[in-house]
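See structure below.
Residue numbers (the working numbering): 221 to 296.
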């Protein structure tokens, strides 16, 4: 289960699963401090990480060498 807890500072939010925590914020133009990823960035980060990990697993399964896998995701 993921829990989001607000901090005292406007719009800064702790997001965690009970053992690991990340933080979210909004841009200054939206009243936040622009210190952390925006919620939408966190959403597409999960997709980018999933595609990256899946690609690496496929490369490893096929014994194909690589130095790095780069996935870029943009939300429109």
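Each residue gets a CB set at the ideal place from its N, CA and C atoms; glycine is no exception. Bear in mind that the values here come from a model prediction, so they are computed numbers and not experimental data.
1. Among the candidates 291, 280 and 283, whose CA atom is the shortest distance from the CA of residue 264?
2. List the endpoints of the continuous beta strand (DSSP E) containing residue 235.
3. Please return the same chain residues whose Cβ sits closer than 7 Å to the Cβ of residue 260, not counting the five positions on each side in sequence.
4. Can you give me the C-alpha to C-alpha distance between residue 286 and residue 266, rounded to a whole angstrom?
5. Taking the C-alpha atoms as reference points, what is the distance between residue 232 and residue 249?
To lay it out plainly:
1. Out of 291, 280 and 283, the CA that lies nearest to the CA of residue 264 is found in 291.
2. From DSSP, the beta strand (DSSP E) with residue 235 extends over 233-236.
3. Cβ within range, chain order: 295.
4. Taking the CA atoms as reference points, residue 286 sits about 22 Å from residue 266.
5. 14 Å
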